[in-house]
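S.K.: Can you read through this structure? Questions will come right after.
Residue numbers (the working numbering): 27 to 336.
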């Protein structure tokens with residue numbers, strides 16, 4: 027595979043995730059809460075990945091006892107937390123802002139490597155932190171009293187960032203020992219099992235799935251079954267972009283893919299503006315730009331220094 031095709035796959039995956047934010051927001055506004063949407067997403071993704079692996083690489087699903095314990099924590103805390111807190115955040119915040127805050131994870135990873143593992147990172151980390159802090163202050167309107175954004179939504183977005191940072195650190199530790207798709211299958215499977223106990227499948231509001239709902243915003247005249255939108259979240263918002271990223275690994279290193287995936291918050295903000303008419307004030311746009319710049323600096327710091335952080 028050529029590098030250009032790899033770039034295109036990553037860009038398409040990030041764009042699908044950006045679009046998935048808008049689709050998820052419509053679902054959340056029409057009766058399905060964050061926990062149930064998380065359950066549908068992780069369960070559907072697990073079933074899809076399990077079917078593919080059983081058909082093509084069943085041996086990849088094997089794990090030692092110590093790996094299994096690690097994978098369970100990875101699924102319950104890292105992967106499951108990212109899904110749940112992300113949905114809670116976008117229900118309360120503009121999509122672009124929520125995803126930008128979630129993408130603070132690379133900064134948190136760099137700080138972990140610097141202060142917990144004791145590895146030197148370099149001056150770029152401090153530049154990244156400065157950009158992110160100033161950008162966040164503008165985004166949440168600290169000077170004006172912070173009234174422009176939901177504080178609860180910001181809190182959930184920060185929890186999503188913490189979960190994503192844990193996800194990154196745990197996934198990197200397994201990267202050389204297990205195929206990425208098998209690791210993710212275990213993670214989604216663990217999360218699905220958690221929700222099967224926390225919210226039994228027979229209590230799932232299946233009747234809602236047949237309801238015809240408006241797409242809202244500039245597409246308010248279009249109505250689709252809620253179940254079709256949930257299916258989009260599972261297939262086009264999870265399985266397909268993941269397959270694209272796995273495919274891109276043939277041509278591009280993981281660090282470069284992580285860097286390119288920061289297109290997601292930009293794509294999400296553009297789609298939310300075009301579809302849901304979500305708008306940001308001038309200072310918030312400037313703040314979002316500064317946060318994105320800080321994320322990019324942190325990502326390049328990772329690419330140069332964190333090839334094997336463990």
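Every residue gets a Cβ at the ideal spot worked out from N, C-alpha and C, and that includes glycine. Predicted model only: the values in this text are computed from it and were never measured.
Assuming residue 298 and residue 121 make a contact with CB atoms under 8 Å, what is their CB distance in whole Å?
M.R.: Indeed they touch by this definition, with Cβ atoms about 4 Å apart.
S.K.: Report the three-state DSSP secondary structure of residue 205 (helix, strand or coil).
M.R.: Of the three classes helix, strand and coil, the one that applies to residue 205 here is coil, per DSSP.
S.K.: Tell me whether the beta-carbon of residue 106 lies closer than 7 Å to the beta-carbon of residue 217.
M.R.: Yes, Cβ-Cβ distance for residue 106 and residue 217 is below 7 Å.
S.K.: Is it buried or exposed, residue 142, if we count other Cβ atoms within 10 angstroms and call 16 or more buried?
M.R.: Exposed, because fewer than 16 other Cβ atoms sit within 10 Å of the Cβ of residue 142.
S.K.: Does the beta-carbon distance from residue 196 to residue 42 come in below 7 Å?
M.R.: For residue 196 and residue 42, no; Cβs fall outside 7 Å.
S.K.: Is it true that the CB of residue 124 sits closer than 7 Å to the CB of residue 115?
M.R.: Result yes, Cβ atoms of residue 115 and residue 124 sit closer than 7 Å.
S.K.: Decide if the stretch 64–84 is in contact with the stretch 174–185; the criterion is three or more beta carbon pairs, one per stretch, under 8 Å apart.
M.R.: Contact fails: fewer than three Cβ-Cβ distances are below 8 Å.
S.K.: With a threshold of 7 Å on Cβ separation, who are the neighbours of residue 126 within its own chain once the five nearest residues in sequence on each side are excluded?
M.R.: These residues qualify, in order along the chain: 291, 314, 317 and 318.
S.K.: For a test of the three-state rule: what should DSSP assign to residue 240, helix, strand or coil?
M.R.: Note: residue 240 maps to strand in three-state DSSP.
S.K.: Short check: CB of residue 87 to CB of residue 78, under 7 Å?
M.R.: Not a contact, by the Cβ cut-off of 7 Å.
S.K.: Any idea what DSSP makes of residue 309, helix, strand or coil?
M.R.: Looking at residue 309 - three-state DSSP - the assignment turns out to be helix.
S.K.: Can you give me the Cβ contacts of residue 312 inside the same chain, cut-off strictly under 7 Å, excluding the 5 residues immediately before and after it?
M.R.: Around residue 312: 164.
S.K.: Have a look at residue 225 and residue 91 and give me their C-alpha separation to the nearest angstrom.
M.R.: If I take the Cα positions, the gap works out to 27 Å.
S.K.: Does residue 84 come out as helix, strand or coil in the three-state DSSP assignment?
M.R.: Residue 84 falls in the helix class under three-state DSSP.
S.K.: Could you have a look at residue 275 and say whether DSSP puts it in helix, strand or coil?
M.R.: In this structure, residue 275 counts as coil in the three-state DSSP scheme.
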